[in-house]
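Scroll down for the structure; my scribbles are underneath it.
Protein chains: 2
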Amino acid sequence: MPELTFYTHPMSRGRVVRWMLEELAIPYKTEIMSFGAEMKTPDYLAINPMGKVPAIKHGDTVVTEVAAICTYLADRFPDKGLAPPVDSPERGPYYRWLFFMAGPFEMATTATAYDWRIDDSNVQAVGCGRLQDVIGSLEQALSTGAHICGEQFTAADVLVSSYL
Amino acid sequence: MPELTFYTHPMSRGRVVRWMLEELAIPYKTEIMSFGAEMKTPDYLAINPMGKVPAIKHGDTVVTEVAAICTYLADRFPDKGLAPPVDSPERGPYYRWLFFMAGPFEMATTATAYDWRIDDSNVQAVGCGRLQDVIGSLEQALSTGAHICGEQFTAADVLVSSYL
Numbered sequence: 134m135p136e137l138t139f140y141t142h143p144m145s146r147g148r149v150v151r152w153m154l155e156e157l158a159i160p161y162k163t164e165i166m167s168f169g170a171e172m173k174t175p176d177y178l179a180i181n182p183m184g185k186v187p188a189i190k191h192g193d194t195v196v197t198e199v200a201a202i203c204t205y206l207a208d209r210f211p212d213k214g215l216a217p218p219v220d221s222p223e224r225g226p227y228y229r230w231l232f233f234m235a236g237p238f239e240m241a242t243t244a245t246a247y248d249w250r251i252d253d254s255n256v257q258a259v260g261c262g263r264l265q266d267v268i269g270s271l272e273q274a275l276s277t278g279a280h281i282c283g284e285q286f287t288a289a290d291v292l293v294s295s296y297l
Numbered sequence: 134m135p136e137l138t139f140y141t142h143p144m145s146r147g148r149v150v151r152w153m154l155e156e157l158a159i160p161y162k163t164e165i166m167s168f169g170a171e172m173k174t175p176d177y178l179a180i181n182p183m184g185k186v187p188a189i190k191h192g193d194t195v196v197t198e199v200a201a202i203c204t205y206l207a208d209r210f211p212d213k214g215l216a217p218p219v220d221s222p223e224r225g226p227y228y229r230w231l232f233f234m235a236g237p238f239e240m241a242t243t244a245t246a247y248d249w250r251i252d253d254s255n256v257q258a259v260g261c262g263r264l265q266d267v268i269g270s271l272e273q274a275l276s277t278g279a280h281i282c283g284e285q286f287t288a289a290d291v292l293v294s295s296y297l
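Residue numbers (this note's numbering), protein chains in the order written: chain R, 134 to 297; chain F, 134 to 297.
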């Protein structure tokens with residue numbers, strides 16, 4: 134297997150990737166990056182020009198974005214059963230809720246945390262809607278069973294669980 | 134093939150899904166939804182509790198979120214060659230830039246449009262960083278070639294192109 138390096142900080146979204154790596158039970162090397170200067174060095178910006186963690190380097194493949202890393206890893210290690218088969222209908226809700234958490238849910242919770250204005254004048258255009266919209270959507274999805282992406286334990290559960 | 138219904142409005146992110154459906158050249162039925170009451174009926178909220186478009190129903194599978202719909206369709210129609218093979222390293226950048234556009238890029242551009250405050254006090258915590266960070270990251274990625282997810286024409290290109 135190509136070498137896998139995990140760039141993270143314990144107080145970051147990297148904890149979701151850590152969980153994924155531990156679920157996979159694959160060997161990896163951890164690089165703890167301090168916030169600030171260490172994430173802005175040319176060496177690290179070549180890996181993630183955003184200067185943020187987490188990121189992984191798997192052989193020559195660099196992946197950033199928590200959900201992208203989890204989805205990539207689930208696909209690269211299919212024998213671990215963390216993603217539905219690629220050509221199955223179950224892949225629909227799998228992607229739906231991964232992108233929902235990475236997009237609207239993240240934006241609505243961030244907007245709430247920083248008092249960013251979402252009101253009648255812009256709610257239609259703002260992709261995330263209001264906080265109660267994203268929470269209501271998630272609650273409706275979760276009301277149908279213990280898992281929202283099928284009965285297998287998936288990367289989407291990891292993401293969802295980390296927010297709840 | 135199961136019936137595919139596409140819920141959209143011409144002045145919405147649904148245009149990205151329309152492009153994807155046309156690239157796939159598969160039969161589908163379009164339901165144009167008007168903004169406001171029509172998107173908030175119980176029937177439509179059962180499909181997307183966010184009360185937003187686009188959404189698709191493919192047989193019994195409902196998918197929302199533009200990037201999720203494109204990624205799902207690319208996987209369900211692998212003979213169209215719109216996604217890298219599921220177990221290939223190329224799947225890394227493919228997911229990376231799909232989630233980058235759906236997450237940080239969407240949030241940073243929305244924050245800019247509505248004067249949502251991102252400054253030194255919160256830039257580390259806010260997932261998207263500043264507008265110049267997401268544009269700089271995308272420019273760095275695009276500087277390496279005509280495509281950022283390999284030479285095949287992918288759903289990520291559709292998403293990226295729609296923003297540029």
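Ideal Cβ positions, reconstructed from N, Cα and C, are used throughout, including at glycine. Just so you know, these numbers come straight off a predicted model, no measurement behind them.
Taking Cβ-Cβ distances shorter than 7 Å, what residues in chain R pair up with serine 270 of chain F? Ordered by position in chain R, the residues that pass the 7 Å Cβ test against serine 270 of chain F are Pro182 and Met183.
So, helix, strand or coil for leucine 137 of chain F, using DSSP? In the structure shown, leucine 137 of chain F sits in a strand (DSSP, three-state: E or B).
Alpha carbons only, please: which of F:Gly169, F:Ala258, F:Tyr227 and F:Leu157 is nearest the one belonging to aspartate 212 of chain F? Check the Cα spacing between aspartate 212 of chain F and each of F:Gly169, F:Ala258, F:Tyr227 and F:Leu157: the tightest is with F:Leu157.
Proximal residues, the region 238-261 of chain F versus chain R, C-beta separation under 9 Å: Residues are counted here when their Cβ sits less than 9 Å from a Cβ of chain R; for the region 238-261 of chain F these are Glu239, Met240, Thr243, Ala244, Ala246, Tyr247, Asp248, Trp249, Arg250, Ile251, Asn255, Gln257, Ala258, Val259, Gly260 and Cys261, given in chain order.
Determine whether the Cβ of proline 211 of chain R lies closer than 8 Å to any Cβ atom of chain F. With a threshold of 8 Å between beta carbons, proline 211 of chain R makes contact with chain F.
Three-state class that DSSP yields for threonine 287 of chain F in the structure shown: For threonine 287 of chain F, the predicted structure reports a pLDDT of 49, less than 50, and the residue's modelled location is therefore unreliable. A value from the coordinates is still provided. Coil.
Examine chain R for any beta-carbon lying closer than 8 Å to the beta-carbon of histidine 142 of chain F, and answer yes or no. The beta carbon of histidine 142 of chain F sits no closer than 8 Å to any beta carbon of chain R.
Does the beta carbon of alanine 170 of chain F come closer than 8 Å to any beta carbon on chain R? False, the Cβ-Cβ gap to chain R never drops below 8 Å.
Nearest chain F C-beta to aspartate 176 of chain R closer than 8 Å, yes or no? No - not a single Cβ of chain F is within 8 Å of the one on aspartate 176 of chain R.
Which residues of chain R have a Cβ atom closer than 9 Å to the Cβ of glycine 192 of chain F, listed in chain order? In chain order: Pro222.
Which residues in the same chain as isoleucine 165 of chain R place their Cβ atom closer than 8 Å to its Cβ, once the five residues preceding and following it in sequence are excluded? Closer than 8 Å at Cβ, skipping near neighbours: Thr141, His142 and Pro143.
Going by CA-CA distance only, name the one from R:Arg250, R:Thr245 and R:Thr277 that's closest to tyrosine 247 of chain F. Ranking R:Arg250, R:Thr245 and R:Thr277 by Cα distance to tyrosine 247 of chain F puts R:Arg250 first.
Span of the alpha helix (DSSP H), counted from its first residue to its last, around isoleucine 268 of chain F: That run of the alpha helix (DSSP H) goes 264-275.
So what's glycine 147 of chain R in DSSP terms, helix, strand or just coil? Glycine 147 of chain R carries a helical assignment under DSSP once its states are collapsed to helix, strand and coil.
If the criterion is Cβ atoms closer than 8 Å, does the pair arginine 209 of chain R and alanine 201 of chain F meet it? Pairing arginine 209 of chain R with alanine 201 of chain F gives a Cβ-Cβ distance that is not under 8 Å.
Pick from F:Asp252, F:Ile281 and F:Lys162 that is closest to proline 135 of chain F, judged by C-alpha positions: The alpha carbon of proline 135 of chain F has as its nearest neighbour, out of F:Asp252, F:Ile281 and F:Lys162, the alpha carbon of F:Lys162.
Threonine 194 of chain R lies in the beta strand (DSSP E); which residues open and close that run? First-last of the beta strand (DSSP E) with threonine 194 of chain R: 194-197.
Taking three-plus beta-carbon pairs below 8 Å as touching, is the region 180-193 of chain F in contact with the region 214-230 of chain F? With contact defined as three or more Cβ pairs closer than 8 Å, the region 180-193 of chain F and the region 214-230 of chain F are not in contact.
Local Cβ density within 10 Å of lysine 173 of chain R, reported as buried at 16 or more and exposed below that: Of the other Cβ atoms in all chains shown, fewer than 16 fall within 10 Å of the Cβ of lysine 173 of chain R; this residue is therefore exposed.
Alanine 188 of chain F, enclosing alpha helix (DSSP H) - first and last residue: Annotation: alanine 188 of chain F is outside any alpha helix (DSSP H); the continuous beta strand (DSSP E) that includes it extends over 188-191.
I'd like to know if valine 150 of chain R contacts chain F, where contact means its C-beta is closer than 8 Å to some C-beta of that chain. False, the Cβ-Cβ gap to chain F never drops below 8 Å.
Residues in the same chain with beta-carbon distance under 7 Å from valine 302 of chain F, minus the five sequence neighbours each way, listed in chain order, please. Outside the modelled stretch of chain F, which goes from 134 to 297, sits residue 302 of chain F, for which no answer is possible.
Assuming contact is defined by CB atoms lying nearer than 8 Å, are glycine 269 of chain F and proline 182 of chain R in contact in what I supplied? Result yes, Cβ atoms of glycine 269 of chain F and proline 182 of chain R sit closer than 8 Å.
Label glutamate 198 of chain R either buried or exposed according to how many other C-beta atoms from any shown protein chain fall within 10 Å of its C-beta, with 16 as the threshold for buried. The Cβ neighbour count for glutamate 198 of chain R, taken over all protein chains shown within 10 Å, is at least 16; the residue is labelled buried.
Within-8 Å CB hit, glutamate 198 of chain F to chain R: Interface with chain R (8 Å Cβ-Cβ cutoff): glutamate 198 of chain F is included.
With distances taken between CB atoms, is the gap from valine 150 of chain F to isoleucine 180 of chain F smaller than 8 Å? No Cβ-Cβ contact shorter than 8 Å links valine 150 of chain F with isoleucine 180 of chain F.
Taking Cβ-Cβ distances shorter than 7 Å, what residues in chain R pair up with valine 92 of chain F? No information on residue 92 of chain F is available, as it lies outside the stretch 134 to 297 that chain F covers here.
Could you tell me the alpha carbon to alpha carbon distance between methionine 240 of chain R and aspartate 253 of chain F, rounded to whole angstroms? Approximately 19 Å between the Cα atoms of the pair.
Opening and closing residue of the alpha helix (DSSP H) in which isoleucine 180 of chain R lies: It spans 175-180 - the alpha helix (DSSP H) in which isoleucine 180 of chain R sits, taken as one unbroken run.
Which residues bound the alpha helix (DSSP H) around glutamate 239 of chain F? Under the DSSP assignment, glutamate 239 of chain F falls in the alpha helix (DSSP H) whose first and last residues are 239-246.
Considering just the uninterrupted stretch of the beta strand (DSSP E) at isoleucine 251 of chain F, what are its terminal residues? For isoleucine 251 of chain F, there is no enclosing beta strand (DSSP E), as DSSP marks it with neither H nor E.
Please classify threonine 277 of chain R as buried or exposed, where buried requires at least 16 neighbouring CB atoms within 10 angstroms. Exposed is the call here.
Assign alanine 258 of chain F to one of two classes, buried (16 or more other C-beta atoms within 10 Å of its C-beta) or exposed (fewer than that). By the Cβ-count criterion, alanine 258 of chain F is exposed, with fewer than 16 other Cβ atoms from all chains shown falling within 10 Å of its own Cβ.
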